[in-house]
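Enquirer: What follows is a structure written as structure tokens; I'll ask about it next.
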Amino acid sequence: MARRKRIPYDPPHARKPGKARRAPTTRRPEQLFMTRRMLLAKSAVVAVFSGLAVRLGFMQLAEGEEYRREAATNTTKTEPIPATRGLIYDRVGRELAVNQQTWEVRLKPRNLPEDAAERDRVLDHLTNALNLPDALVLD
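Right under this line is the structure:
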């Protein structure tokens, strides 16, 4: 059986005896330019976000009431949308759901007369005008 060669391992924190630390090197002009470029880029990002923060604060504090009014009018807009309805058929062709126009008439009891005879006269007049049977009138 052949013996495998061991790979030497030196932990990162261990220093080898006899080796001195390297003296700090001076940076080359390209490295200095890159450092300046990064500083400029970071400064630009900070400036842009600072400008956005200032604008947001101005919008909140100085123009906040105007935006609140616009938001209130924007959220309360109602627009009726007519529903398009159609007939529903089963697979044989029979109608399952049919549109049928219906009407409903309601009276508020507080608008009717207090006297029972007068109240009956108003209800009779209403049933005759609408051609309703007496069974459909609820008192």
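Residue numbers (this note's numbering): 184 to 322.
Glycine is no exception: its CB is placed at the ideal position from the N, C-alpha and C atoms.
#1: Helix, strand or coil, according to DSSP, for Glu262 in the structure here?
#2: Cα separation between Trp286 and Glu253?
#3: Quick one: what does DSSP say Glu287 is sitting in, helix, strand or coil?
#4: Can Val305 and Leu295 be called in contact, C-beta distance under 9 Å?
#5: Which of helix, strand or coil does DSSP assign to Ala280?
#6: Round the Cβ separation of Asn282 and Leu290 to the nearest angstrom and send it over; I've been treating them as touching at under 8 Å.
#7: So, helix, strand or coil for Tyr272, using DSSP?
#8: Suppose you measure from the CA of Ala230 to the CA of Thr218; what does that come to, to the nearest Å?
#9: The alpha helix (DSSP H) with Arg302 in it runs from where to where?
Expert: A quick look at the data gives this:
#1: coil
#2: 40 Å
#3: coil
#4: yes
#5: strand
#6: About 27 Å; that fails the 8 Å criterion.
#7: strand
#8: 18 Å
#9: 299-313
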